[in-house]
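Quick note on numbering: the sequence shown equals residues 1 to 271 in my numbering. A virtual CB, placed ideally from N, CA and C, is assigned to each residue, including glycine. All of these numbers come straight from a predicted model, not from anything done at the bench. Here the structure comes first, spelled out in structure tokens, and everything after it is commentary.
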Amino acid sequence: MREYSPDLTPQWKRPKAVPEVAAEADLVVEVAGTDFCGAVVACEAGTVTLEDRFGKRRVFPMEPRGFLLDGAVVTLVRPPRGPSAPSRTASGSIAVPGARARVARAGRIYVEGRHDAELVERVWGDDLRIEGVVVEYLEGVDDLPAVVAEFGPTPDARLGVLVDHLVPGSKEFRIAASAAATSPDVLVVGHPYVDVWQAVKPSALGIAAWPVVPRGQDWKTGVCRALGWPENTGAAWQHILSRVGSYKDLEPTLLGRVEELIDFVTGDGEA
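Laid out in structure tokens, this is it:
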């Protein structure tokens, strides 16, 4: 006796098979029917957690034909052993293996000096290259008004500025307020520390606290003296910088301000 398939639908009418893809960590997919796109950060029985480029996480059911991978419909399935922990950049962002640096944006981030720029590069360098954000330094906040005027910020070329010792009543505060008032496309933020050195947590250096340097003394030289370091501020900074492995070694006050500037310059923050 001849056996017949229970499915008598002609082959040309049958839906095309949808490939199954393991929800491995860092796999970037789009949720079908939505505009949410993110990387896999967790996978449980029947659900997957995605994190978008802004750090927002959402949980989705792993329904058949529920996701898009490179524009093609796929079905996510749980990996045999679950996704491994995603790799992270020094800033805590999900790393994008093999990602090429983006062409530099018209917008810029300015910091006060070379040490500030080197610290930002050490922690946020990978993120800045992917976003196409260039960091330059002013060699002092006194030049800020002239820099803003020459830059000519626009909605498509925003200017973000990080200022040291930005506390009410200080010279830096007055200059920053004046510069920020010139355009809605300028954002000036700062930290309360005398110098960006202090934004490195003392624990990262194996000291109890940053020393208090009497007024009238060069602050960096005074720090070297108090800590028993040679009075070579360049060498001291290289030692400090070498102890910074990730965002965990920096004070939250600085972390928040730099993230704010990156969001602003890339258009992800409010004007």
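Is the beta carbon of residue j closer than 7 Å to that of residue i?
i	j	result
TYR247	SER91	yes
ASP26	GLY38	no
THR49	VAL59	yes
ALA179	VAL188	yes
PRO79	ALA22	yes
TRP219	ASP195	yes
ILE240	TRP197	yes
THR89	ASP126	yes
Specify the secondary structure class of residue i as computed by DSSP and reduced to three states.
i	result
ILE207	coil
ALA39	strand
ALA95	coil
GLU20	strand
GLY222	helix
PRO145	helix
SER246	coil
LYS56	coil
LEU187	strand
LEU76	strand
LEU50	strand
Between which residues of its own chain and residue i is the CB-CB distance below 7 Å, once the five residues before and five after are set aside?
i	result
ASP156	ALA106
SER183	PRO153
VAL148	LEU159, ALA179, THR182 and VAL186
GLY46	PRO61 and MET62
PHE173	LEU166 and VAL167
Output needed for residue i: all residues of its chain with C-beta closer than 8 Å, excluding positions within five of it in sequence on either side, in chain order.
i	result
PRO214	GLY222
VAL120	ILE109, VAL111, LEU128, VAL135, LEU162 and VAL258
GLU20	VAL74, THR75, LEU76 and VAL77
ASP35	none
GLY140	GLU112 and GLY113
ALA17	none
PRO202	ALA208, ALA209 and TRP210
Take residue i as the anchor and find which of the options has the nearest alpha-carbon.
i	options	result
TRP237	ALA181, ALA199, ILE262 and LEU261	ALA199
GLY228	TRP210, LEU241 and GLY245	TRP210
VAL41	ALA95, GLY66 and GLY33	ALA95
ALA72	GLU30, ASP35 and GLY113	GLU30
HIS191	GLU63, LEU69 and ASP116	ASP116
VAL123	ARG174, LEU144, GLY256 and LYS171	GLY256
GLY267	CYS43, PHE54 and VAL28	PHE54
ALA146	CYS224, GLU44, ALA176 and SER170	ALA176
LEU205	SER242, GLU44 and VAL265	SER242
Among the residues of its own chain, which have a CB less than 6 Å from the CB of residue i, if the five just before and after it don't count?
i	result
GLY132	ARG102, VAL103, ALA104 and ARG105
GLY66	ALA32
TYR4	Below a pLDDT of 50, predicted positions are generally treated as unreliable, and TYR4, at 46, falls in that range; no measurement from the model is reported.
VAL212	none
THR253	HIS191
Kindly indicate the opening and closing residues of the alpha helix (DSSP H) around residue i.
i	result
PHE173	171-180
ALA199	It is not in any alpha helix (DSSP H) - ALA199 carries neither H nor E in the DSSP assignment.
LEU261	252-265
THR332	Limits of the chain in this structure are 1 at one end and 271 at the other, which puts residue 332 out of reach.
ARG114	114-131
GLY234	233-242
Taking the beta strand (DSSP E) that residue i belongs to, which residues open and close that run?
i	result
PHE67	67-69
GLY160	159-163
GLU63	Run containing GLU63: none; DSSP gives neither H nor E here.
GLU136	134-137
VAL29	28-31
VAL103	Premise fails: VAL103 is in no beta strand (DSSP E) and is neither H nor E.
ARG215	Premise fails: ARG215 is in no beta strand (DSSP E) and is neither H nor E.
TYR110	108-111
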